[in-house]
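**Q**
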Amino acid sequence: MNHLSLIKKFCIILFVGLGIFAATLLPNLKFSFDFSQFFPEKDQDLEFYKGFVEEFGTDDNFLLIAIEQDPTVFEPGFLKRFRAFSEASKDFDYVTESASLTSLSYPLKTSFGYTTLPIIHIEDSLAYAKDWEKIKEDGLFINSLVDEKGTSMVVALRTLDDLNYEQSELLLSQIRTSLKTYELEEYHILGRAFFLEAIVEMQKSEVLKTSVIAAILVLIILLLVYRSLPLVLISMASISLSLVIFMGILALWGKELNAMAAFYPVLMLIVGTSDVIHITDSFIRKIQSGAERYTAIKSSLSEVGLTTLLTSVTTAIGFITLLSSRLLSIQDFGINAAIGVIVAYITVIFFTGSLLISLPEKALLGRKSVSKKWVNYLLVINHFTKIHPRAILLGTLIFSGLCFWGISLVSTNYEFKRTLPNKSEIASDFEFFQQNYSGFRPLEIAVMAQNDFSVLDYGVAVEIEKLMDYLQTIPSIGNLQSSNLPFKILHKANNVNKSDFLTMPKSASVFEKYKKDVRRLGRKELERFVNSDGSMARINGRLQDIGTDNLKLVYQNIENFAQTKLDTNMIKVRVTGKSMLLDKNSEYIRGSLLKGLFYGLLLIGLLMVFVFRNFKMFVISIIPNILPILFAGGVLSFLNIPLEASLSVVFAIVFGIAVDDTIHFLGKYKLGISQGLTQEEALEKTFAHTGRALVITTIILFFGFMVMLFSIHQPSITIGLIISVTLVTALVLDLLLLPVLIRKLIKEA
């Protein structure tokens, strides 16, 4: 036993050393959030958008600061403080442009050339009523720079493209400091930088919170089950060590953690706990039967170690199926989770095994054994499956029908606001802009000139204006602007600033005259909407968060209008932008999900056939593991939860973890048969020896994922709830359906 003692010490020292090294790397963990993580790769619309960005820049490089003043913004003290903040914002880091009603002005054509008029005469309070009426008549700034009630105004900042987390934090710090300086306390912020700050802060908080709560729950459950503090401490040390090593690997690898990072601690804790329980349960049972510690661990590893390896591989395969997704964030989650499962297995086998044989037997066995009670309960279940097989099969058939019916009703009409932290500042601000400023989602429409036309030709401009008129009839679209806007403003300026003339000029000759002035006076504004060679123009606006399916219909209607109502010899219209690409995810989720799960089921089924040398095991192992996946889909429907990108991990987790119980059950059954037991004797032994571990692990899995209910991230709450109830369903199917299938499909020799 000396060589085993040396191996034991080496393993303990090695893993403790790895844990310490990994812990030093944890401060290097990177957190990020970028909408592009959810773009479908190798997609034609994505490739088009990349070209669009090269011409016009990104469509989310904005930051809106809405400042409230009750009962009206037309109050001298407020307007002066607002103007001071608006002017100061031009000097903030990473800001390229700042606009507000106090910094913009109306152009006016006089006999001496163009001059300007202030939109608000800040120093003349007697003019406020007239200024407000003029703003409402024009309608140009309503719900963009001021709300229709006149109770808030916006400073609109344009920033550098693709700000990172550190840059966003610096910019937001400057904004908040400046708002405080000018005593502007009632404000709301919306834009990429604010989302990035809020989501990353949520991720950091969620990882820490879920780790602590999950660890406490696992500790309590293990104490209730084993009644042995040393044994529980061994389990917790092993599980915690595997988590630290895994997170250290991610830090060393330089992986950026996205919004789904909160699942890693829970996954590692529950997967590691499952491995620990199966090894520990087998080891204790052998100690109780009188085996010596080294003999017991060797026997346990030979019996359970291979099965646990198989479950770890199949769980990893479940996560690897996420590589079939066209979303990079989902692919990364699948790869990272698969690595975590393998790390947990290696740690448990070597570190936990070494610790188990290091403790005296009395410390391991605890004060009270509950094995007999467990055995009695489980044998009752086995007896029930023996005398009521038809009822179980009929119940399974009805259950399957309900699941299929539920799946057929699953919605993909996902609303963006569901991704925001519950009852948070950003959720409140998002809702404020939804109600007062035409929403948050950017709308981008590319207008491409055809057949040697230019987007600055009068005929093309008329077609663009037809499209603008149509867009303004869609309730969910607001704050529209196009390449025609500079011409409308000049037309108004040439007609004594009358609101009735904020329209396109009626003749090509007038349009051509304005074109010279636009290129001279409004070149910068024109460049926002027209590319350098005049082959493409943009129309942009804001969309209400009405759900992905509803928005998809809006996009289709826009393109249908362009094809049927506009002159396609002059222009071609295409909806683009980050919002459209995010909405397009729903088109890929179902297809990639089903394809990935099909390959996963096939691979695991073949693995089962190879291990058990019996093709019927393929059918026996697959049926109880397809049904939990179907149930997860049905639950989404019954709870009226729309399917979106992050929820696709539900099916991989359910599939990867649920199959573990099946493998442990069938592995113990096969061992019993190989030892010369009859089919019924093998089933009884399986229930008596493995059933307890299956129930305990499922309880831990259930409460482990229920930890997500403490999250402030709605998708995480949904995922935790669905996985918890689905894994309980998987256990019930394994304990009731598996014995029936074994008796029906495998006849004794």
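Going by the working numbering, the first residue of the sequence shown is number 435, and it counts up by one from there. Cβ atoms here follow ideal geometry from the backbone N, Cα and C, with glycine treated the same way.
(1) Can we say the stretch 1101-1110 touches the stretch 748-763, given the rule of at least three CB pairs closer than 8 Å?
(2) I need the boundaries of the alpha helix (DSSP H) containing residue 1188, first residue and last residue.
(3) Determine the burial state of residue 922: buried for a count of at least 16 other Cβ atoms within 10 Å of its Cβ, exposed for fewer.
(4) Over what stretch of residues does the alpha helix (DSSP H) that includes residue 986 continue unbroken?
(5) Would you list the one or two residues that DSSP bridges to residue 592?
(6) Tell me which same chain residues have a C-beta within less than 8 Å of the C-beta of residue 1062, skipping the five on either side of it?
(7) Can residue 1012 and residue 494 be called in contact, C-beta distance under 8 Å?
(8) If you draw a straight line from the alpha carbon of residue 780 to that of residue 483, how long is it in whole angstroms?
(9) Give the secondary structure of residue 1164 by DSSP, where H, G and I count as helix, E and B as strand, and everything else as coil.
(10) Tell me the residue span of the alpha helix (DSSP H) that contains residue 666.
(11) Can residue 942 and residue 892 be called in contact, C-beta distance under 8 Å?
(12) For the stretch 811-824 against the stretch 1045-1055, do three or more pairs of beta-carbon atoms, one drawn from each stretch, fall closer than 8 Å, so that the two count as touching?
(13) What do you reckon, is the C-beta of residue 948 under 7 Å from a heavy atom of the ligand NAD?
(14) Would residue 1052 pass as an interface residue toward chain C - the criterion being a Cβ-Cβ separation below 8 Å?
(15) Around the Cβ of residue 525, are there at least 16 other Cβ atoms within 10 angstroms (buried) or fewer (exposed)?
(16) What are the start and end residues of the beta strand (DSSP E) that includes residue 822?
(17) Would you tell me roughly how many angstroms separate the C-alpha atoms of residue 690 and residue 442, rounded to the nearest one?
(18) What three-state label does DSSP hand residue 601 in the structure shown?
(19) Once the 5 residues before and after residue 535 are set aside, which same chain residues still bring their CB inside 7 Å of it?
(20) Using the DSSP secondary-structure output, state which residues sit across from residue 543 in a beta bridge.
(21) Tell me which residues share the same chain as residue 908 and place their Cβ nearer than 7 Å to its Cβ, disregarding the 5 neighbours each side in the sequence.
(22) Could you pull out every residue in the same chain whose Cβ sits closer than 8 Å to the Cβ of residue 672, ignoring the five residues on either side in sequence?
(23) I believe residue 975 touches residue 877 by the beta-carbon criterion, under 8 Å. Please report the beta-carbon distance rounded to the nearest angstrom.
(24) Can you give me the start and stop residues for the beta strand (DSSP E) that residue 883 sits inside?
(25) Between which two residues does the alpha helix (DSSP H) carrying residue 1210 extend?
(26) Give a yes or no on contact between the stretch 1141-1157 and the stretch 856-869, applying the rule of three or more CB pairs nearer than 8 Å.
(27) Are the stretch 1063-1077 and the stretch 831-841 touching by the rule of at least three beta carbon pairs closer than 8 Å?
(28) Near residue 1097, which residues of its chain fall below 7 Å by C-beta distance, leaving aside the five closest residues on each side in sequence?
(29) If you reduce the DSSP assignment to three classes, tell me which class residue 401 lands in.
(30) Contact defined as beta carbons within less than 8 Å: I believe residue 931 pairs with residue 540. What is the distance between those atoms, to the nearest angstrom?
(31) What's the gap between the Cα of residue 867 and the Cα of residue 623?
(32) Whose C-beta lies closer than 6 Å to the C-beta of residue 1184 among residues of the same chain, with five residues either side of it excluded?
(33) Determine which residues share a DSSP beta bridge with residue 1008 and list them.
(34) If contacts are defined as beta-carbon pairs under 8 Å, then residue 523 and residue 529 qualify, I think. What distance do you get, rounded to the angstrom?
(35) Does the beta-carbon distance from residue 621 to residue 518 come in below 8 Å?
(36) Grab me the residues of residue 632's own chain with a C-beta within less than 8 Å of its C-beta, minus the 5 sequence neighbours each way, in chain order.
**A** Reading it off the structure:
(1) Touching, no, given that fewer than three Cβ pairs across the two stretches are closer than 8 Å.
(2) The chain is shown only over 435 to 1183; residue 1188 falls outside these bounds and no answer can be derived.
(3) Its Cβ being crowded by 16 or more others within 10 Å, residue 922 is buried.
(4) Per DSSP, residue 986 is one residue of the alpha helix (DSSP H) stretching across 982-999.
(5) Looking at the DSSP assignment, residue 592 forms a beta bridge with 496 and 531.
(6) These residues qualify, in order along the chain: 1088, 1089, 1092, 1160, 1161, 1163, 1164 and 1167.
(7) Yes, the Cβ-Cβ distance between residue 1012 and residue 494 is below 8 Å.
(8) Between residue 780 and residue 483, the C-alpha separation is close to 44 Å.
(9) Residue 1164: helix per DSSP, three-state reduction.
(10) Residue range 663-687 is occupied by the alpha helix (DSSP H) that includes residue 666.
(11) Judged by their CB atoms, residue 942 and residue 892 are nearer to each other than the 8 Å cut-off.
(12) In short, these stretches do not touch, since the Cβ pair count stays below three.
(13) Because no ligand of any kind appears in the structure shown, any question about the ligand NAD cannot be addressed here.
(14) Considering every chain present, this structure includes no chain C. It has just one protein chain.
(15) When all chains shown are included, residue 525 counts as exposed.
(16) First-last for residue 822: undefined, no H or E at that position.
(17) Taking the straight line from one Cα to the other gives about 35 Å.
(18) Helix at residue 601.
(19) Residues of the same chain with a CB within less than 7 Å of the CB of residue 535, apart from the 5 flanking positions on each side, are 553, 554, 575, 579, 580 and 587 in chain order.
(20) Residue pairing by DSSP places residue 543 opposite 548 in a beta bridge.
(21) Contacts found: 988.
(22) Contacts found: 706, 710, 781, 782, 785, 786 and 789.
(23) Rounded, the Cβ-Cβ distance is 4 Å, consistent with contact.
(24) Element bounds for residue 883: 875-883.
(25) Outside the shown range of the chain, which is 435 to 1183, sits residue 1210, and nothing can be said about it.
(26) Taking a cut-off of 8 Å for Cβ pairs, the stretch 1141-1157 and the stretch 856-869 touch, as three or more such pairs fall below it.
(27) A contact is defined here as three or more CB-CB pairs under 8 Å, and the stretch 1063-1077 meets this definition with respect to the stretch 831-841.
(28) The beta carbon of residue 1097 sits closer than 7 Å to the beta carbons of 741, 744, 745 and 748 from its chain, once the five residues preceding and following it are set aside; these are given in chain order.
(29) The structure shown does not extend to residue 401, since the chain spans only 435 to 1183, so no value can be given for it.
(30) The C-beta distance from residue 931 to residue 540 rounds to 5 Å, short enough to meet the 8 Å contact threshold.
(31) Going by C-alpha positions, residue 867 is about 9 Å away from residue 623.
(32) Residue 1184 lies beyond the range of the chain shown here (435 to 1183); nothing can be said about it.
(33) DSSP output for residue 1008 lists 880 as bridge partner(s).
(34) Sure, about 6 Å apart at Cβ, within 8 Å.
(35) With contacts defined by Cβ atoms closer than 8 Å, residue 621 and residue 518 do not form a contacting pair.
(36) Contacts found: 854, 855, 858, 859 and 860.
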